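Participant: The numbering of the sequence shown is full-length UniProt numbering, which starts it at 1 and goes up by one.
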Amino acid sequence: SSSSFSLSLSLSDNFLQRSINMAAKGRGSASWFVGAIVALMSLLLLHADYAQAATYTVGDSGVWSFNAVGWPKGKHFKAGDVLVFNYNPSMHNVVKVDGGSYNSCKTPAGARPYTSGKDRITLSRGQNFFICNFPNHCESNMKIAVTAA
1 SSSSFSLSLS LSDNFLQRSI NMAAKGRGSA SWFVGAIVAL MSLLLLHADY AQAATYTVGD
61 SGVWSFNAVG WPKGKHFKAG DVLVFNYNPS MHNVVKVDGG SYNSCKTPAG ARPYTSGKDR
121 ITLSRGQNFF ICNFPNHCES NMKIAVTAA
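#1: Where Ser-3 and Asp-81 are concerned, what is the direct C-alpha to C-alpha distance, given to the nearest angstrom?
#2: Can you pull the DSSP bridge partners for Thr-115?
#3: The alpha helix (DSSP H) with Tyr-87 in it runs from where to where?
#4: Going by alpha carbons, who is nearest to Ser-90 out of Lys-96, Asp-98, Ser-65?
#5: Once the 5 residues before and after Val-94 are set aside, which same chain residues still bring their CB inside 6 Å of it?
#6: Just mark His-76 as buried or exposed, buried being the case when its beta carbon has 16 or more other beta carbons within 10 Å.
#7: In this structure, how does DSSP classify Gly-62 when only helix, strand and coil are distinguished?
#8: Could you check if Lys-73 is buried or exposed, using at least 16 other CB atoms within 10 Å of its CB as the buried criterion?
#9: Label Ser-101 either buried or exposed according to how many other C-beta atoms from any shown protein chain fall within 10 Å of its C-beta, with 16 as the threshold for buried.
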């Protein structure tokens, strides 16, 4: 979140200032200082990726439902983005599947259904496929395919 990113920046700024002061006073070696800078930059880059992650609520009406198949069209997803599936858990679920299972609407053995009704699923890089495996729901286009860069 942006607040943890700001806190990390503040802590990083303090660390950097102390490191500069130590180096200026002759305490600590130059190699330690360079190592600290590299570590700090790595930390900042990691936070930058998380700060850019987006959250998408699946479904044109904000609800995971029938005919969802076209919902991803025109959207640009990245690895780390989060999909939120809102639905009535007594009527639907969400199952992450592979491409073959998506096309056939068959849930593979060992697949774990999400059943909370407010599921948050982080996208992996590449293709991500989701279906509802209640009888005939996937066949009624209660499924989406999302490609994350």
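For every residue, glycine included, the Cβ atom is placed at its ideal position computed from N, Cα and C. Here the structure is a predicted model, which means the values were calculated and not measured.
Facilitator: So, from the listed chains and residues:
#1: Low local confidence applies: a pLDDT of 39 at Ser-3 is under 50, so the model's placement there is unreliable, with the coordinate-based value given in what follows. Computed Cα separation, rounded: 18 Å.
#2: Thr-115 is not bridged to any residue.
#3: Taken as a continuous stretch (DSSP letters only), Tyr-87 belongs to no alpha helix (DSSP H), as it is neither H nor E.
#4: Ranking the options by Cα distance to Ser-90, first place goes to Ser-65.
#5: Excluding sequence neighbours, Val-94 sits near Phe-85, Tyr-114, Asp-119, Phe-130.
#6: Using a 10 angstroms sphere on the CB of His-76, the tally of other CB atoms stays under 16, which defines it as exposed.
#7: coil
#8: The C-beta of Lys-73 has fewer than 16 other C-beta atoms within 10 Å across all chains shown, which makes the residue exposed.
#9: buried
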